[in-house]
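> For what it's worth, this note's numbering labels the leading residue of the sequence shown as 1, then goes sequentially.
We put the CB at the ideal spot given by N, CA and C, even for glycine.
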Amino acid sequence: MLRTHTCNELNTDHIGQKVILTGWIDTIRDHGGVLFVDLRDHYGVTQIVFSDDSMLSGMSKETVVLVEGTVTKRDDETVNSKISTGLIEVRAEKIEVLGPCQLGLPFEIDASTLTREEVRLKYRYLDLRNRKIHDNIVLRSKILSYLRRQMEDMGFMEIQTPILTASSPEGARDYLVPSRKHKGMFYALPQAPQQFKQLLMASGFDRYFQIAPCFRDEDARQDRSPGEFYQLDFEMSFATQEDVFEVAETVIYNTFNEFSDKKISKPPFKRITFADAMLKYGSDKPDLRNPLIIQDLTEFFAKHEFLNINGRTVPFKNKLVRGIVANYLVKRDGEGEGEGGKKAFEKAIDTYSRSIGMKFGIGYITLEDGEYKGPIAKFLTEEQKAELTELVGIKEGESLFFISDSASVINQLSGEMRTWIAKELGLIKDDSFEFCFIVDFPMYEKNSETGKIDFTHNPFSMPQGGMDALLNKDPLEIFAYQYDIVCNGVELSSGAVRNHNPEIMRKAFEIAGYGEEDLKAKFGALYTAFAYGAPPHAGMAPGVDRMIMLIAGEETIRDVIAFPLNGNAQDLMMGAPGGVTEQQLREVHIKVRD
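1) What is the C-beta distance between D287 and G533, in whole angstroms, given that I count them as a contact (C-beta under 8 Å)?
2) Comparing alpha-carbon positions, which option in R506, T450, P169 lies nearest P463?
3) For S179, I'd like the list of residues in its chain whose CB is within less than 6 Å of its CB, leaving aside the five on either flank, ordered along the chain.
4) Give me, in chain order, the residues of the same chain whose beta-carbon lies closer than 6 Å to that of G282; leave out the 5 immediate sequence neighbours on both sides.
5) Out of K181, R216, L200, which one is the CA nearest neighbour of A188?
6) Rounded to a whole number of angstroms, what is the C-alpha to C-alpha distance between T240 and N11?
7) In whole angstroms, what is the alpha-carbon distance linking H31 and L21?
8) Taking 6 Å as the limit between beta carbons, can you name the residues of its chain near G336, skipping five residues before and five after?
9) Within this structure, are the beta carbons of S399 and Y328 separated by less than 8 Å?
10) Secondary structure at G397, three-state DSSP: helix, strand or coil?
11) Counting along the chain, where does the beta strand (DSSP E) carrying L2 start and finish?
12) For P106, count neighbouring Cβ atoms within 10 angstroms of its own Cβ and tell me buried if that reaches 16, exposed if not.
13) In angstroms with no decimal places, state the Cα-to-Cα distance between E228 and R40.
14) Around the Cβ of D75, are there at least 16 other Cβ atoms within 10 angstroms (buried) or fewer (exposed)?
15) Alpha carbon to alpha carbon, how far is L147 from I159? Give it in angstroms, no decimals.
16) Helix, strand or coil, according to DSSP, for H134 in the structure here?
17) From what residue to what residue does the beta strand (DSSP E) around L388 run?
18) Does DSSP put D174 in a helix, in a strand, or in coil?
19) From which residue to which residue does the beta strand (DSSP E) around K373 run?
20) Rounded to a whole number of angstroms, what is the C-alpha to C-alpha distance between S168 and Y175?
21) Can you tell me whether DSSP reads K507 as helix, strand or coil?
22) Report the rounded CA-to-CA distance for M154 versus E491, giving the unit in angstroms.
23) Per DSSP, what kind of secondary structure is I362 in: helix, strand or coil?
24) Among F50, I25, F259, which residue has its Cα nearest to the Cα of K61?
25) Taking Cβ positions, are F402 and I362 nearer each other than 8 Å?
26) On the DSSP letters alone, give me the boundaries of the beta strand (DSSP E) that F379 sits inside.
27) DSSP three-state label for E68, please.
28) Find the nearest neighbour of L35 within the set H42, D53, D431, judged by alpha-carbon distance.
29) On a Cα-Cα basis, can you pick out the residue from A541, H589, L320 that is closest to K595?
30) Please classify A326: does DSSP put it in a helix, a strand, or coil?
31) For my contact list, F126 and S112 are in at a C-beta cut-off of 8 Å; report their separation, rounded to the angstrom.
32) Just grab the DSSP bridge partners of S448 for me.
33) In terms of residue numbering, what span does the beta strand (DSSP E) encompassing Y253 cover?
34) What three-state label does DSSP hand G338 in the structure shown?
35) Is there contact here, the segment 57 to 71 with the segment 12 to 19, by at least three beta-carbon pairs under 8 Å?
36) Since L470 and E118 should fall inside the 8 Å C-beta cutoff, what is the C-beta to C-beta distance between them, to a whole number of angstroms?
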């Protein structure tokens with residue numbers, strides 16, 4: 001090695017020793033003829049002192065250098081307790097340029113996260129020098145290694161599955177790869193190793209896993225990177241839903257506990273049915289740090305006659321109604337229009353509710369001094385107020401907010417209002433990770449455009465009740481053995497107990513309008529393999545990128561990926577996607593049309 005030590009290694013035990021350090025010039029400070037340089041490498045920073053400023057002639061920040069010198073104790077007033085080498089410095093005796101920085105920097109390295117993302121990603125190799133982003137990638141490496149060790153300790157075998165495979169209807173758009181040897185034919189990059197891992201179970205392997213790359217041509221979100229992502233894909237033979245949950249709970253709890261100082265839900269994680277999640281939280285990805293619970297008030301408003309005020313009756317009659325109890329009087333001091341005022345909150349919630357599609361804004365009543373106040377209170381009799389108090393458990397000083405709309409949007413609106421109110425009142429504390437499983441997803445749904453029965457999620461999930469349910473129940477009342485893991489409102493994983501029985505599979509697809517020929521055409525290998533005897537099996541695939549994003553405390557998933565695409569699915573650094581030559585197109589039998 002060119003160096004004797006790294007830039008976070010030296011301490012008072014090394015005082016008096018001759019050392020050689022290598023790294024990047026991070027900062028240069030001139031203190032009256034004496035120059036102080038912070039030398040940075042992968043591991044940390046060491047302060048270098050130059051008594052002769054000519055030694056640094058022609059060198060700029062980010063120049064890569066080799067420094068020889070002697071370790072000395074810092075003066076008391078220059079001690080830096082923020083870094084591991086803060087008690088010492090190196091008196092430079094020789095410096096050699098290993099890699100000159102010949103171009104002007106497009107941004108300051110220590111402020112790169114404040115730079116426009118397009119610039120950061122174009123010069124990603126510079127952005128990755130930023131200590132925070134650099135540490136995210138180091139954290140990613142440690143987490144991946146830890147995940148692998150845990151899976152191996154539980155008896156899972158790591159097996160790679162193909163990257164070039166066949167296109168299949170899995171929900172998102174495929175990335176297609178034209179074949180040179182087979183004119184007009186295409187490979188597809190796998191959206192997930194779904195069929196392969198099930199085929200591994202049919203092949204007699206008992207426990208499989210891999211850190212699997214997945215490719216989907218879909219739009220970016222803060223928690224979703226376009227192009228590719230990685231998941232901890234695992235599958236188990238002869239396993240039940242609870243067996244999968246136990247593995248997932250163990251791995252996820254241990255990982256978050258190992259790499260985060262926040263409070264973490266201890267196993268077993270809460271099990272919440274899909275129906276309850278949509279009703280109580282307005283989402284199948286509930287943030288359980290939010291203490292607000294949505295309550296169904298439809299029956300209350302359906303069974304009562306309400307007061308008629310100037311020809312108007314309560315606006316929730318014969319509609320779906322949800323309610324959210326919260327205390328904004330305590331959280332908002334004062335009556336004024338200012339940031340903390342009661343009236344300011346009322347104006348803000350009205351504006352927000354209208355912005356998300358609530359045409360008439362949000363109604364509410366507030367219990368103050370034992371009396372209900374607010375725009376809805378005048379429509380309610382004293383008996384109805386008393387019944388409502390008992391129903392929702394409202395207390396002195398609290399308000400009951402009403403959301404009313406059609407079945408197609410009521411849950412979404414309620415969920416968005418629940419989140420907004422909690423954030424506005426500061427109820428969501430960023431000091432914990434709250435996990436839950438969402439279970440009992442509907443197997444089927446009715447297509448709102450065609451009126452036909454469709455699969456809601458993975459068509460290879462086993463229906464709860466098996467063949468008997470498929471034969472004797474209304475399809476819209478059948479639940480699937482499907483499940484999600486959710487953490488702080490972020491979906492970390494989906495999974496299922498698989499439908500491994502060809503007979504049940506045929507019937508399940510038949511209900512959704514597919515015949516056996518469709519199964520053979522679209523999923524031929526899997527369908528045929530199951531006809532040779534397949535074990536019951538189940539699995540899931542927690543998203544690695546999202547896990548790391550949460551642990552690192554980042555707002556966007558791109559800050560935990562070394563070389564991500566931008567939000568428009570472009571690699572600005574490498575210039576992808578890009579054009580290719582006419583010869584390359586001819587070799588794969590493609591002609592580009594205008």
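In brief:
1) At roughly 44 Å, the Cβ-Cβ gap does not stay under 8 Å, so D287 and G533 are not in contact.
2) Per the C-alpha coordinates, the member of R506, T450, P169 positioned closest to P463 is R506.
3) Excluding positions up to five away in sequence, the list reads M185.
4) If you ignore the 5 residues before and after G282, its C-beta comes within less than 6 Å of the C-beta of I294, N411, S414, G415, R418, all in its own chain and listed in chain order.
5) Of the candidates K181, R216, L200, the one whose C-alpha sits nearest the C-alpha of A188 is R216.
6) Looking at the two C-alpha atoms, the distance is approximately 54 Å.
7) If you draw a straight line from the Cα of H31 to the Cα of L21, it is about 22 Å long.
8) Per-residue confidence for G336 stands at a pLDDT of 42, beneath the threshold of 50, marking its modelled position as unreliable; the derived number appears in the next sentence. Hits under 6 Å: none found.
9) Cβ atoms of S399 and Y328: closer than 8 Å.
10) If DSSP states are grouped into helix, strand and coil, G397 belongs with coil.
11) Premise fails: L2 is in no beta strand (DSSP E) and is neither H nor E.
12) P106 should be labelled exposed.
13) Put simply, the backbone Cα of E228 is about 32 Å away from that of R40.
14) Answer is exposed; the Cβ neighbour count stays below 16.
15) If you take the alpha carbons of I159 and L147, they lie about 15 Å apart.
16) In the structure shown, H134 sits in a helix (DSSP, three-state: H, G or I).
17) Judged by DSSP secondary structure, L388 falls outside any beta strand (DSSP E) and instead within the alpha helix (DSSP H) spanning 382 to 392.
18) Of the three classes helix, strand and coil, the one that applies to D174 here is coil, per DSSP.
19) Here the beta strand (DSSP E) through K373 covers 371 to 373.
20) Whole-angstrom Cα-Cα distance: 11 Å.
21) Correct three-state label for K507: helix.
22) Those two C-alpha atoms are separated by around 24 Å.
23) I362 falls in the coil class under three-state DSSP.
24) Nearest of F50, I25, F259 to K61, Cα basis: I25.
25) Yes, the Cβ-Cβ distance between F402 and I362 is below 8 Å.
26) No beta strand (DSSP E) contains F379, which DSSP labels as neither H nor E.
27) It is a strand residue.
28) Taking only the C-alpha atoms, the option nearest L35 is D53.
29) This structure does not reach residue 595, given that the chain is present from 1 up to 594, and the question cannot be answered.
30) In the three-state reduction of the DSSP assignment, A326 falls in the strand class.
31) First, the amino acid is wrong: residue 126 is Leu here, not Phe. So it is a contact: roughly 7 Å between Cβ atoms.
32) Per DSSP, none; premise fails for S448.
33) Careful: Y253 lies outside any beta strand (DSSP E), inside the alpha helix (DSSP H) at 241 to 259.
34) Confidence at G338 is low in this model, with a pLDDT of 43, below 50, so its placement is unreliable and the value that follows should be read with caution. Per DSSP, reduced to three states, the secondary structure at G338 is coil, with no helix or strand assignment.
35) Yes, since at least three Cβ pairs between the segment 57 to 71 and the segment 12 to 19 fall closer than 8 Å, the two stretches touch.
36) Contact between L470 and E118 is ruled out by a C-beta separation of about 51 Å, above the 8 Å threshold.
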